[in-house]
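One structure is given below, encoded as structure tokens.
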Amino acid sequence: MPELASYPTKAKAKANQLRSLLLEKDVVAVAGAHSALSAKLVQEARFDAVWASGFEISTLRGVPDANILSMAELLEVAHQINEAVAIPVIADCDNGFGNAINVIRAVNEYEKAGIAAICIEDSVFPKRCSFYSGVRREMVTTEEHIGKIRAAKKAQKDPNFLIIARTEALIAGWGLEEALRRATAYAKAGADAILIHSKSDSADEVKTFASSWENPCPLIAVPTTYHTTTLEELRDAGFKVVIFANHAVRASIKAMRETLKTLRKAESASAVENSIASLEEVYALIGLSELRSDEKEFLPQETKRQKAVIVAAGFERNFLPLIHDRPKGMLEINGKTILERQIATLRNCQINDISIVRGYKAEVINLPDVRYYEHPRYDQDYILSSFFQAEKEMDAPLLFLYSDILFEKGVLEKLLGAEGDIRLVIDRSWLEHGPTSQNPNGKPELVVTSQVPPKSHRFISSMELEEKNQVLKVGRDLDLSQSHGEFIGMAFFSKEGCRILREIYHQAEKKYREGPFQDATDFAHASFAGMMQEIIDNGFPITAVEIYKGWIEIDTLEDYYRARKILNP
Ligand code: SPV
Ligand code: MG
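By the count of our numbering, the sequence shown reaches residue 849 at its end, each step adding exactly one.
The following block contains the structure:
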């Protein structure tokens with residue numbers, strides 16, 4: 281006997297399982313299936329095993345049950361069925377798909393697929409379904425079928441794998457005696473069970489067969505035409521296994537036909553809503569809850585899937601002549617450009633989905649693994665308009681960045697770990713030092729927050745306040761003495777935050793096209809801070825994520841030269 285260990289243990293387990301059922305139960309109840317789904321329903325209905333029915337699988341494919349489907353096609357479905365259920369699967373292998381040589385391959389393949397048992401009938405190849413009338417019905421000789429049974433028994437690797445021999449003698453009208461003679465010969469050849477098939481509308485002939493059966497080999501009945509006969513009656517008649525072979529597919533035909541007919545007539549889905557499975561029932565069958573928990577366990581978490589948009593479109597005259605051939609973000613600071621430094625910090629925090637909005641000297645920004653958006657009116661519009669060139673990105677948690685700030689990883693981590701759908705990073709150190717930089721083109725973007733730490737222990741207190749603290753005002757026109765910090769040009773929007781941002785933006789775009797918008801003369805010149813103020817004015821909270829230093833801004837040439845002195849290569 282070849283080495284068992286090299287074969288799937290599951291196959292072994294399922295064959296074992298079926299053998300145990302045969303030993304422990306007085307009758308084993310089996311139902312036919314044609315798919316993973318129908319097999320799951322068989323299992324749900326508490327049948328002991330699934331019959332991977334040739335009739336059902338052929339019907340599902342819309343072809344007669346007449347060896348039209350190949351072994352590979354039937355095997356594929358049997359495999360899917362077996363994968364879908366924990367109970368054993370008995371596969372209908374028709375006549376073994378040819379002669380004994382084909383049977384050997386069938387045994388090998390079905391065993392590999394984890395099937396517990398196969399059934400081989402003594403019809404010729406190609407066969408005809410036992411119930412079709414007016415078609416040629418031929419059987420192989422007893423000798424040939426014995427050869428198939430012997431070949432199958434020899435080919436099996438797992439001694440528990442079962443070979444069921446089926447005789448069509450009663451179907452062919454060859455009488456009880458021939459049926460008994462054949463069945464006895466098959467049992468003698470090593471069959472693990474005998475399926476005696478009948479198309480009579482009464483169970484009398486199979487019952488007579490069973491009462492004449494003196495062999496210990498267990499008997500199997502398929503009460504399709506003699507459907508009034510119960511499992512109990514068949515058990516009492518001596519049957520060990522009863523297969524309800526094709527009821528699932530027939531039930532589905534009727535249900536689908538009636539539903540579709542009603543649907544067509546009513547032309548409204550509500551006409552069938554109560555007579556079909558609910559979506560929740562479908563979700564339960566396909567294991568949606570497992571998908572959810574697997575997603576939680578194995579997929580990168582929100583923080584890792586966040587996107588970032590860096591706005592680097594602008595032209596800043598005060599950086600001439602340094603920027604005559606490149607945008608400011610491509611200025612080098614000790615061997616790395618500002619943008620490269622930003623991207624490295626983002627990637628360090630697992631933010632790998634990065635977009636840059638380009639404008640001035642767009643072609644010079646050509647960094648790898650980054651998506652680009654172009655702002656054609658970069659020299660007329662202001663930063664908000666640039667940001668919205670990347671509106672496509674505003675569908676998931678999103679980090680917004682000015683292209684001229686450099687920051688420690690901890691700043692970003694603090695922002696990502698904070699609460700709130702919209703969050704701005706506010707530097708408190710400004711309270712002591714004043715704004716980080718004096719841009720001759722504009723004033724710093726100041727912030728008024730809902731809570732202010734006492735001056736004495738500002739840093740410690742700001743950590744305590746961070747959960748609840750909100751931005752009340754943000755903009756360039758705020759009174760310096762009334763402000764509590766500086767917006768550093770870094771913000772976060774949750775999915776809902778993105779939705780709010782887009783909604784308020786488009787609403788304001790319509791409303792303020794001509795007139796002044798927040799601190800800008802018109803909407804095209806709106807700043808990012810102006811947009812944040814508009815969001816606040818519309819009643820949406822913005823969280824102030826407070827930091828104390830940990831970043832620098834390259835707003836002036838002086839900032840730039842200072843950065844070259846203090847930053848490592
Ligand atoms: C099948 O289900 O394919 C069978 C049983 O072989 S029967 O259709 O009753 O012949
Ligand atoms: Mg069949």
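Where a beta carbon is used, it is the ideal one built from N, C-alpha and C, also for glycine.
{"Check": "Check: D372 C-beta below 7 Å from any heavy atom of the ligand MG", "Outcome": "yes"}
{"Check": "Assigned exposure category for L354 - 16 Cβ within 10 Å defines buried", "Outcome": "buried"}
{"Check": "At least 3 beta-carbon pairs within less than 8 Å: the region 379-398 vs the region 427-441", "Outcome": "yes"}
{"Check": "Beta carbon of G456 nearer than 8 Å to that of F489", "Outcome": "Note that residue 456 is Leu in the sequence shown here, rather than Gly. Yes, Cβ-Cβ distance for L456 and F489 is below 8 Å."}
{"Check": "Simplified DSSP state of A469, which is helix, strand or coil", "Outcome": "coil"}
{"Check": "Assigned exposure category for R446 - 16 Cβ within 10 Å defines buried", "Outcome": "buried"}
{"Check": "Span separating the alpha-carbon of K417 from that of H314", "Outcome": "Residue identity check: residue 417 is Arg in the sequence provided, not Lys. Near 25 Å, if we compare the C-alpha coordinates of H314 and R417."}
{"Check": "V365 classed as buried or exposed, judged by whether at least 16 other C-beta atoms fall within 10 angstroms", "Outcome": "buried"}
{"Check": "Bridge-paired residues (DSSP) for L619", "Outcome": "Answer by DSSP bridge pairing: none, since L619 is not bridged."}
{"Check": "8 Å contact criterion, which I500 and I429 should meet: CB distance rounded", "Outcome": "Not a contact, Cβ separation roughly 15 Å."}
{"Check": "Any non-hydrogen atom of the ligand SPV within 7 Å of N526 CB", "Outcome": "yes"}
{"Check": "7 Å CB neighbourhood of A551 in its chain, flanking five on each side removed", "Outcome": "T542 and L543"}
{"Check": "The ligand SPV heavy atom lying under 7 Å from the CB of D345", "Outcome": "yes"}
{"Check": "Close beta carbons around N440, own chain, < 7 Å, minus the five adjacent residues each side", "Outcome": "K292, A295, N296 and R299"}
{"Check": "Same chain, Cβ closer than 7 Å to Q798, five either side skipped, listed in chain order", "Outcome": "G755, A806, G810, Q813 and E814"}
{"Check": "8 Å Cβ cutoff met for L349 and D328", "Outcome": "no"}
{"Check": "E575 in three-state terms, based on DSSP", "Outcome": "helix"}
{"Check": "Buried/exposed call for E838, threshold 16 Cβ in 10 Å", "Outcome": "exposed"}
{"Check": "Residues bridged to T339 [DSSP beta-bridge criterion]", "Outcome": "None, per the DSSP bridge assignment."}
{"Check": "Euclidean distance between Cα positions of K305 and V330", "Outcome": "16 Å"}
{"Check": "Selected residue, minimal CA-CA separation from F667, among V705, P607 and A593", "Outcome": "A593"}
{"Check": "Close beta carbons around A588, own chain, < 8 Å, minus the five adjacent residues each side", "Outcome": "L626, I631, D633, I634, S635, L678, L679, F680 and L681"}
{"Check": "Alpha helix (DSSP H) segment containing C778, residue limits", "Outcome": "K775 to K791"}
{"Check": "S333 CB to nearest heavy atom of the ligand MG below 7 Å", "Outcome": "yes"}
{"Check": "Cβ-heavy atom distance, V502 to the ligand SPV, below 7 Å", "Outcome": "yes"}
{"Check": "R326 in three-state terms, based on DSSP", "Outcome": "coil"}
{"Check": "Outcome for P580 when other beta-carbon atoms lying within 10 angstroms are tallied against a minimum of 16", "Outcome": "exposed"}
{"Check": "Cutoff 8 Å: F667 Cβ touching any chain D Cβ", "Outcome": "The chain inventory of the structure shown lacks chain D, comprising one protein chain alone."}
{"Check": "Coil, strand or helix - Y682 by DSSP", "Outcome": "strand"}
{"Check": "Collapsed DSSP secondary structure at I630 in the structure displayed", "Outcome": "Looking at the sequence provided, one finds Gln at residue 630 rather than Ile. Looking at Q630 - three-state DSSP - the assignment turns out to be coil, as it is neither helix nor strand."}
{"Check": "Whether D675 touches I780 by CB criterion (8 Å)", "Outcome": "no"}
{"Check": "Separation of A557 from S742, as counted between CA atoms", "Outcome": "For S742, the predicted model reports a pLDDT of 47, less than 50, meaning its position is unreliable; a value from the coordinates is still stated below. Roughly 55 Å separates the two Cα atoms."}
{"Check": "Same chain only: Cβ atoms within 7 Å of A535, ignoring 5 sequence neighbours per side", "Outcome": "none"}
{"Check": "According to DSSP, residues forming a beta bridge with W331", "Outcome": "G312 and I370"}
{"Check": "G830 versus L760 - alpha carbon distance", "Outcome": "22 Å"}
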